[in-house]
Ligand code: GCW
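Residue numbers (the working numbering): 15 to 760.
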């Protein structure tokens, strides 16, 4: 029995019936809103909706004797949810005895479900049905799946129905995930820090493991299961070899045990050089038999400890990480080395396509991954999935889709999204990423004609592939509210929901998240969803409009468009490399007259991107170098338009703040104030981006500002000198800042 239920039962017996009236308040206090409960708050339901559906949500019942840990988790969640929302204890009983019962299970665990025609066959191993029906003469709600985890997903779906005040009967819901592996990638280091993490330290307490298992791990697993996330890569892709030592594998096994009942498998990032660093071999060459034997033995050791281990994630030959290139081998030879060790156990390798060289003479950075991997199509073993970022550069506020999508029909491809807002304002900005994820998933590659979307590449339907996957770089840390801010939670949520169904709508998901996280009151839901839906475009406007990218400071926070290549900074880690702003114009020519990166796309898409006339305006400067005076469809010159986008971004954030401020009476003070303060920080941040960017680009274009636009309050020099010495999530020491006379912009 959950603690909450026990508490509620104690309340009812001790205080008697009169006290029931006071329960909503008691529960409200128990739900002191600090964000910990995420979207699983289960606050009491009142009013007409409850009157109408009370009967359908009255009883809890788990028939059958086989109560696996997963079914136990499912029934406990249902109990927790119903107890919270009905504000009274909910009985559990061993058989169907009453009308209004909720019956959950699989045909194996609940024989009474077997004669029913539930349509389970079409639902695979992870799907579920929720049906209102007559069972042995009783009016019941059935939540069923082919497996226990399907039932668990169904329970969360049923609870969402209540949380968002949807009808509870008659119900005829059937759902199965379109993507098989829905994975969170943690960039957590074993010392507790998190690369690009803005929500405190790592949630994995390695020193305490395996002896102490924080209850937070279970709450994490519940939240993941509630949106269907079923895989977790525990450690940073810049991987420490320690993860493969017996000391750490014991800890990993302990975490795997906590996550298992929630249908979550554990994966690990491993360094390619592990045979040397851990195995004490002289080489990590994939063609060396001692290396192969070492990996086989290591994998066998892992599966002895974690029988359902998912597999490895590998960042090789990228940003200083070792890889097959060190031995003159291809990425496929490297990936297959691990794949063959994992294959006997049905493990997989998620091999990252984020491979590039920072050699100053290398080709256009955004071309590199395609040029390395495209020729290897068909050379990867079946249990390798190539993990491709949504865009060809690096999680920028806006990028075109990665040209590898649709270009490798004989290779399994998965999509990597970044949930942590590395380039979008980090912890304080309010940016709902549902729209960005949706844009990436709906991008049409034209690989097999129109409708060949990225979603169809990765859900396997375009090329008839079965082992499909999607990953999101997690934004979760040890902060009480998990994600650093309340609205950042929506990005964890929407990732899971789109991973389950990449065709779902970002707006619908936002609406449900708002209802579950805050309130169902329409005057709150509407403006907040509107604010969320516009929030990503706002950050694009004030930081990287018109297809600009990578204009940020070295910390990836705040503007740095002036950052130029130097002895210490390779060109493609600078900003001027991407903007290519000069006296004549701005933008990176990636057409045939430039780097010809457009040619990596299918002909229809390439033609569109290559044409100045047809290239979408929001990607213009990604593909074209245009004169400052070039006129856009709006009639504005590129220069005026650039400036107006910066201005518009600031206006949008101010509007968000105004919207939020009017809604205080709908939100508890703690979450309200946190969000309010963060929006104020974001207004300053947007102004800083606008002013610094205008100051810099004006120093190059030498053009006047469009009428009505105020000049930046500081000099370019001041913006350039402004430096933030310490920022969470930045690896290494970050840029050096002189503490004595660092100017502070107004
Ligand atoms: O975006 C860059 C980040 C690095 C990260 C790298 C990657 C984990 O700035 O911090 O390293 O991408 O994806 O490997």
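Where a beta carbon is used, it is the ideal one built from N, C-alpha and C, also for glycine.
Assignment of residue 290 by DSSP, reduced to helix, strand and coil, places it in the helix class. When C-alpha distances from residue 662 are compared across 679, 705, 636 and 641, the shortest belongs to 705.
Around the Cβ of residue 726, a 10 Å sphere holds 16 or more other Cβ atoms; the residue is buried. If you draw a straight line from the Cα of residue 253 to the Cα of residue 331, it comes to about 13 Å. Just so you know, the alpha carbons of residue 355 and residue 317 end up roughly 11 Å apart.
In the structure shown, residue 199 falls within a strand segment according to DSSP collapsed to helix, strand and coil.
Counting along the chain, residue 696 sits inside the alpha helix (DSSP H) bounded by residues 683-715. Listed in chain order, the beta strand (DSSP E) runs fully inside the segment 78-159 are 116-119, 142-149 and 152-158, counting runs of at least 3 residues. Within the same chain, and ignoring the five residues on either side of residue 337 in sequence, the residues whose Cβ sits closer than 7 Å to its Cβ are 286, 330, 331 and 348. Of the heavy atoms belonging to the ligand GCW, at least one sits nearer than 8 Å to the Cβ of residue 201.
Distance check between residue 741 and each of 219, 200, 189 and 570 places 570 closest, using alpha-carbon atoms only.
For residue 171 against residue 189, the beta-carbon gap comes to about 7 Å, under 8 Å, which counts as contact. One alpha carbon belongs to residue 695, the other to residue 447, and they sit about 19 Å apart. By the beta-carbon neighbour count (other beta carbons within 10 angstroms, threshold 16), residue 131 is exposed. At a threshold of 8 Å, residue 570 counts as near the ligand GCW, since its beta carbon sits closer than that to one of the ligand's heavy atoms. For residue 428, the enclosing beta strand (DSSP E) has its first and last residue at 426-432. Looking only at 319, 350 and 344, the smallest Cα-Cα distance to residue 327 is reached by 350.
The alpha-carbon of residue 270 is positioned some 44 Å away from that of residue 613. Sequence-distant Cβ neighbours of residue 461 in its own chain, meaning closer than 6 Å and more than five residues away, are 420 and 616.
DSSP, reduced to helix, strand and coil, places residue 417 outside both helices and strands of the structure shown, so it counts as coil. The criterion of a C-beta distance shorter than 9 Å is satisfied by residue 163 and residue 276. Cβ contact annotation for residue 378 (same chain, cutoff 6 Å, sequence separation greater than five): 609 and 611, in chain order. Residues 255 and 258 of the same chain have their beta carbon placed closer than 6 Å to that of residue 288, with the five preceding and five following residues left out of the count.
In this structure, the ligand GCW has no non-hydrogen atom nearer than 8 Å to the beta-carbon of residue 519. The C-beta distance from residue 63 to residue 195 rounds to 36 Å, too long to fall under 8 Å, and the pair is not in contact. Apart from sequence neighbours up to five positions away, the residues of its chain that approach residue 158 with a beta-carbon distance below 6 Å are 127, 132 and 143, ordered along the chain. With fewer than 16 other Cβ atoms from the protein chains shown falling within 10 Å of its own Cβ, residue 536 counts as exposed. Distances between the C-beta of residue 408 and the heavy atoms of the ligand GCW include at least one below 8 Å.
The C-alpha of residue 440 lies about 35 Å from the C-alpha of residue 423. The Cβ atoms of residue 390 and residue 459 lie no closer than 9 Å to each other. Distance check between residue 631 and each of 153, 129, 496 and 562 places 562 closest, using alpha-carbon atoms only. If you compare the alpha carbons of 346, 241, 578 and 605 with that of residue 595, the shortest gap goes to 578. The three-state reading of DSSP puts residue 170 in helix, counting H, G and I together.
Between residue 545 and residue 520, the CB-CB gap reaches or exceeds 9 Å.
Look at residue 209: its beta carbon is less than 8 Å from one of the heavy atoms in the ligand GCW. Taking C-alpha positions only, residue 367 is separated from residue 686 by approximately 41 Å.
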